[in-house]
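Reading the sequence shown from the start, the letters are residues 1 to 193 in full-length UniProt numbering.
Data first, discussion second: the structure below is written as structure tokens.
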Amino acid sequence: MNSPPDNCLEFKDDEAKKRQSLRIKSHEAPLAKPKRKRISPDQFRVLSDLFEKTDTPNYELRERMAGRLNMTNREVQVWFQNRRAKATRAKILDSPRRIKHRPDPLLVYPYSKPVFYAKPITPDEDEPERLSPCNTSCSSLSSIATPTFNMSPIDLLATAAEYVQRCDDEKRQAQEAAQQRRSEESRSWRPWL
């Protein structure tokens, strides 16, 4: 019978060795994590001085620093990463909050009516010119908050949406009541229908 050539067997052996070496590392026993390294005060001073000049050193600069400080490039890179994160956290904590928490206007001003002014109020005017909030008579205005200049856009939108919803509900209820009255009136004078 025909036997495979010798070089074919060698190829199969090489292939098996390669597959063996390419085994997934996660299936092997986990190695112990290397102990965390501390930097010396001198290393800290040099790295901090460099951080004052640049917070993102390039590869060559990190290599020079690593050689000078007896560290690896990766250790220098991680130190700068951590230092940038620390600086960002400090900046956020030190800066005043830009967005202040505003209470829900519907909870703070539950009985005020919305008023929309045609022009800004000035101190010398007694009563500003008022515009009607809507052309329908909506009686539930008393429970909707007064829009103010310090309200956020989302609060204004929510207030307007609630107002429109209540006007629509009252209009629908009025139409239903009118329909009910018409049907009752029609029965009263034509009982045979």
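Even for Gly, the Cβ is constructed at its ideal location relative to N, Cα and C.
May I have the straight-line CA-CA distance separating residue i from residue j, to the nearest angstrom?
i: Q81; j: T159; result: 45 Å
i: S48; j: I154; result: 44 Å
i: L50; j: A161; result: 56 Å
i: V76; j: R38; result: 12 Å
i: P57; j: L31; result: 31 Å
i: D55; j: S95; result: 20 Å
i: M151; j: Y163; result: 16 Å
i: E184; j: A178; result: 10 Å
i: E63; j: I92; result: 31 Å
i: L69; j: Q43; result: 6 Å
i: K86; j: M71; result: 21 Å
i: R89; j: L157; result: 34 Å
i: N73; j: R36; result: 16 Å
i: V46; j: Y59; result: 17 Å
i: R181; j: Q173; result: 12 Å
For the candidate residues the options, whose alpha-carbon lies nearest to that of residue i?
i: S40; options: K33, A174 and W79; result: W79
i: R84; options: P34, E60, K53 and R68; result: K53
Can you list, in chain order, the residues of its chain with a C-beta nearer than 7 Å to that of residue i? Leave out the 5 residues immediately preceding and following it.
i: E15; result: none
For residue i, which residues from the same chain have a beta carbon less than 6 Å from its beta carbon, with the 5 sequence-adjacent residues on both sides left out?
i: R65; result: Inspection of the sequence shows that residue 65 is occupied by Met rather than by Arg. V76.
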